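K.L.:
Take a look at the following structure, please.
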Amino acid sequence: MFGRDKDPVTAAATSPTGDESNPTDVTGKGRPTPKRKDAEAANKRPLVPTDRKSAGKANKSASREARNREYQAMQTGDERSMPPNHRGPVRRDIRDYVDGRWNLGEFFLPIAAVFLVLQISLANSAPDLAALAVIILYAYVIFAIVDGFIMWRGLRKRLRAKFGEDKLGRGLVMYSLMRSFQLRPTRLPKAQVKRGTKPE
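As C-alpha cells, then:
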C-alpha cells in the first residue's frame with residue numbers, strides 16, 4: 001500500500017517540466033535585476049571635477065581675466081566692466097563733481113606724514129613746536145571735514161534736482177567723502193574731468 005520514496009535523481013527525471021529550474025538562470029530581461037545600491041552608485045556623478053588641478057587653473061585664469069577687465073575699466077571709465085558699486089549715472093555724477101573741485105581732504109595723507117616727521121624730530125629738541133605741529137594737524141583735519149560737509153551739501157542738492165530723491169539710494173555720502181579724501185592720482189575709477197569742471 002505504501003510506496004517507497006523516490007530516488008532524487010529519478011524524481012528530477014520525472015518532473016513535469018522535465019528539468020529542475022536553476023536558481024541562477026537568467027529570465028525576463030535577459031539579465032539579473034541589479035540591486036538598489038548598485039543602481040544608485042552607477043547613477044552618481046562626482047560633485048567636483050576629477051582633474052582638480054586643471055579645474056583650479058581654469059578658475060584662477062578666469063578670475064585673473066575678470067580682475068584685469070575691472071582694472072582696465074576703472075582706468076578708462078568703462079562702466080560695463082566696473083564693479084557694481086561704481087556703476088550708474090548717479091555715482092558717475094558724484095565722481096565728476098568731486099574730481100572737478102579742490103578738496104582739502106585729498107591732501108590729508110601727505111600733510112599728516114610731514115607733521116608726523118616734524119613731531120618726532122622736534123619731540124626732544126623743541127617740545128613746544130612738536131605740540132604746535134600736532135595742534136595744526138588736528139585743525140587741518142577739522143577744516144577738511146567741514147570742507148567735505150560743505151561739498152556734500154551742494155552735491156546732494158544737485159543730485160536731488162537732477163535724478164530725484166527716489167533714485168539716489170544709500171551709501172552716497174561715504175562714497176563721495178571717501179573719494180574726496182583720496183589723492184587725485186590714486187582715485188579709482190580714474191578722474192575723467194579736469195579741475196574746475198562741473199558735471200552738466
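In full-length UniProt numbering, the protein residues as written are 1 to 200.
In this text, a Cβ means the ideal position worked out from N, Cα and C, and glycines have one as well.
The model shown is predicted, which means the values in this text are computed figures rather than measured ones.
1) Report yes if the CB atom of R91 is closer than 9 angstroms to the CB atom of R187, and no otherwise.
2) Quick one, which of G196, S180 and T197 has its alpha-carbon nearest N103's?
3) Express the C-alpha separation of K198 and I135 in angstroms, rounding to a whole number.
4) Look at the alpha carbon of Q182 and the alpha carbon of D51, and state the distance between them as a whole number of angstroms.
5) Which residue comes first and which comes last in the alpha helix (DSSP H) that contains Q192?
6) Along the chain, where does the alpha helix (DSSP H) containing K57 start, and where does it finish?
7) What does a CB cutoff of less than 6 angstroms around L118 pick up in its chain, not counting 5 residues either side in sequence?
8) Would you decide whether Y97 is buried or exposed? Buried here means 16 or more other CB atoms lie within 10 Å of its CB.
9) Check whether the Cβ atoms of D93 and R158 sit closer than 9 angstroms, and answer yes or no.
P.N.:
So, from the data block:
1) Going by C-beta atoms, R91 is not nearer than 9 angstroms to R187.
2) Checked all of G196, S180 and T197; the closest Cα to N103 is S180.
3) Each residue's Cα considered, the two are about 34 angstroms apart.
4) In this structure, the alpha-carbon of Q182 lies about 45 angstroms from that of D51.
5) Element bounds for Q192: n/a, residue is neither H nor E.
6) Taken as a continuous stretch (DSSP letters only), the alpha helix (DSSP H) holding K57 covers R52 to T76.
7) So the list reads A133, once near-sequence residues are dropped.
8) Buried, by the Cβ-count rule.
9) Cβ atoms of D93 and R158: closer than 9 angstroms.
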